[in-house]
Amino acid sequence: MQINAGMIRITIMPVVKETSVKIQNLLLAVLPKKVFDKMEPSLKLIDLKLHEILWEMDEERKHVYFPTTAMICLLYETEDGDSIEVGMTGRLGMVGVVTFIGDAKMAKRAVVINPGQAYVMKAEDVEKYFEEIPDFREICMLYTQTLLAQISQNVICNRLHTIEQQLCRFLLVINDNLQTTSIHITHSRISNVLGVRRESISAAAAQLQDKGFIKYTRGKIELLDRKGMLAFTCECYGVVKDQYERILGKL
């Protein structure tokens, strides 16, 4: 596929689309038009509700999701019931890679943390196109590499970096995917995703607000200084972003 690597850069600007102006998911947008036209009958645009659980670990994966305006978090839960984020996906990716890489224990739950829309495809159709269409197979495998890199880096981040830095990274990733500076999310939901106490998130948000990076009210966080946040956050955000651009830039 002759796609300019510059189209893959993660920014908050609109993504250039080759297939159709209505496609907002990057992985679908970079497919050649003839490939997308073949797959389009199997795609259905659906609404995803806040806190909706798309699947649990022990459930059969019946669908693959290509978010457009929704944001989905992959969570891992301990035996004690504590949860922690291992990955997040929005318009820049897909949810359900285990459909074509096997039953990998990558996450125990996929939950919607920002309501919106996503294209959904039945798992059997994904498997069929994965086998039949080299372009689609290449995109799936390259994206899986970026997801694994994100999961590995998040483990490091959760262990080594401050809650303020983790919160900064979390908000920047959402900003990249949703292309908006207004994020509707509660401190309670963030604490569940990052695996820390809600009070710790509230304290971290207060520090980021004092620095002029964000402004928060109940259930809403406004990003005011993205450049400042980029300078403040840990290297994990940049590492994952660079991996994404390097790997998907091969398309």
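Under the working numbering, the first residue of the sequence shown carries the number 68, and numbering increases by one thereafter. Glycine included, each C-beta is placed from N, C-alpha and C at the ideal position.
Among the options, which residue has its Cα nearest to the Cα of residue i?
i: Lys111; options: Gln184, Leu141 and Asp147; result: Gln184
i: Met106; options: Arg204, Tyr311 and Arg158; result: Arg204
i: Glu127; options: Ser269, Ala190, Ser267 and Arg264; result: Ala190
i: Thr136; options: Glu144, Ser150, Asp149 and Leu115; result: Leu115
i: Val187; options: Leu95, Lys287 and Glu199; result: Leu95
i: Gly286; options: Lys278, Leu297, Leu275 and Asn181; result: Asn181
i: Arg256; options: Leu209, Asp202, Glu119 and Ile90; result: Glu119
i: Arg313; options: Ile200, Leu238, Val178 and Tyr210; result: Tyr210
i: Leu315; options: Ile206, Thr145 and Ile90; result: Ile206
i: Lys278; options: Ser267, Gly154 and Leu297; result: Leu297
Give the DSSP-derived three-state secondary structure of residue i in the structure shown.
i: Asn259; result: helix
i: Phe133; result: strand
i: Pro81; result: Because Pro81 carries a pLDDT of 34, less than 50, the predicted location of this residue cannot be relied on, and no value is offered for it.
i: Leu141; result: strand
i: Thr213; result: helix
i: Gly305; result: helix
i: Gln310; result: helix
i: Thr86; result: Since pLDDT at Thr86 reaches only 45, below the 50 mark, its modelled position is unreliable, and no value is offered.
i: Asn244; result: helix
i: Met161; result: coil
i: Met124; result: coil
i: Ile151; result: strand
i: Gln184; result: strand
i: Arg293; result: helix
i: Ile113; result: strand
i: Met178; result: For clarity, residue 178 is Val in the given sequence; the question names Met instead. Strand, per DSSP.
i: Ile252; result: coil
i: Lys278; result: coil
i: Thr166; result: helix
i: Ile53; result: Absent from the structure is residue 53, since the part of the chain shown begins at 68 and ends at 318.
Determine the contact status of residue i and residue j, defining contact as a CB-CB distance below 9 Å.
i: Glu123; j: Val260; result: no
i: Ile168; j: Thr156; result: no
i: Leu141; j: Ile218; result: yes
i: Val240; j: Val307; result: yes
i: Tyr304; j: Leu159; result: no
i: Leu238; j: Ile268; result: no
i: Val179; j: Leu275; result: no
For residue i and residue j, what's the separation of their Cα atoms in angstroms?
i: Tyr132; j: Asp147; result: 29 Å
i: Val88; j: Val102; result: With a pLDDT of only 40 at Val88, under the threshold of 50, the placement of this residue in the model should not be trusted; the figure read from the coordinates follows. If I take the Cα positions, the gap works out to 16 Å.
i: Leu227; j: Asn221; result: 10 Å
i: Asn92; j: Tyr196; result: 17 Å
i: Lys129; j: Thr213; result: 23 Å
i: Tyr283; j: Ser150; result: 24 Å
i: Val97; j: Asp309; result: 19 Å
i: Glu302; j: Ile223; result: 11 Å
i: Asp162; j: Ser109; result: A small correction: the amino acid at residue 162 is Val; Asp does not occupy that position in the sequence shown. Answer to the nearest angstrom: the Cα atoms are 16 Å apart.
i: Arg236; j: Phe280; result: 12 Å
i: Glu144; j: Val263; result: 13 Å
i: Pro99; j: Thr229; result: 42 Å
i: Asn244; j: Pro134; result: 9 Å
i: His254; j: Asp125; result: 28 Å
i: Ser258; j: Arg265; result: 5 Å
Mind checking whether the beta-carbon of residue i lies closer than 8 Å to any heavy atom of the ligand FAD?
i: Met138; result: Of the ligands one can find in the structure shown there are none, so the ligand FAD has no counterpart to examine.
**Prompt:** On the three-pair Cβ rule with 8 Å, is the region 248 to 263 touching the region 288 to 303?
**Reply:** yes
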